[in-house]
Amino acid sequence: MSDRDPREGQFGLPPLPDEDRRDEQEAVGVASFLLSLRSRGIRDTALLRAMELIPRDVFAPRRFSDLSRTDVSLPLPCGQTMTAPRTVAAMLVELGVREGQRILEVGTGTGYVSALLARLGAEVHSVERFNTLAESAGQHLKIVEARGVRIEVGDGLAPRPRERFDRILLNGAAASIPPAVTSLLAPGGRLVGALAVEGAPRLVRIERLEDGELRQELGIGLRISPLVSGVAQTL
């Protein structure tokens, strides 16, 4: 019979305290999450760092917290969806965020993308059509201590006279990009979203050139929910 204390770990070492074990498991999960993004072509160092530091599990619905570090979309209240990390990363790479830029985000959702944008140094004005989601997003952003994010309940596709943004992010797929939105781009500004092409969403990038003209480019196919105009009346 062994006289080793059963409380000792392998090789006679004391076992890790529960808190240390959880920290170790979380670190492994984060590393695996980042490696999966890199394997899918995401190489932007600043973005990967932001995705490392902003815990997606804080923003994910609690019953799906075990899936928060996997590359899957998650169902949200109000019939909405939390976009998969690879899609988020692909859109943010195209957006090309620089520190100090003013960004309009259409579709706050959980606030996860807002937090990433803030971590990248942007000033974020995020518009959400569901009051329920806007309120919970505000709480999530407080938890991760995100700075420089303002959330508004409203129609992100509606005209905004006298406002101009360096970047615009549409967190959803639209049949077309309204002129009321592209008119908000400052010279040299860029809009990134998804455009429904033959029924399938594809990444779209629209840039306002210095002479005021718009240039549009279509990119890869995306798995992303439709973008809806208007303000929800009940939720």
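Residue numbering for the sequence shown is -2 to 232, as defined by my numbering. Built from N, CA and C at the ideal position, the CB exists for glycine as well. These figures come from a predicted structure and were not determined experimentally.
Counting C-beta atoms within 10 angstroms of its own C-beta, G106 has 16 or more neighbours from the protein chains shown and is therefore classed as buried.
For A172, same chain residues with a beta-carbon under 6 Å away, outside a window of 5 residues either side, are A193 in chain order.
Within 10 angstroms of the beta-carbon of S222 lie 16 or more other beta-carbons, which makes it buried. The beta carbons of A57 and S65 sit closer together than 7 Å. Per the coordinates, the alpha-carbon of R161 lies some 26 Å from the alpha-carbon of E142. Between the alpha carbons of V124 and G169 lies a distance of about 13 Å. Exposed is the label assigned to P74, since fewer than 16 other Cβ atoms lie within 10 Å of its Cβ.
E207 and L188 have their alpha carbons spaced roughly 15 Å apart.
Straight-line measurement puts the Cα of P82 at about 17 Å from the Cα of H137. By the CB criterion at 7 Å, L224 and P198 fall outside the cutoff.
DSSP places F56 inside the alpha helix (DSSP H), whose first and last residues are 53 to 56.
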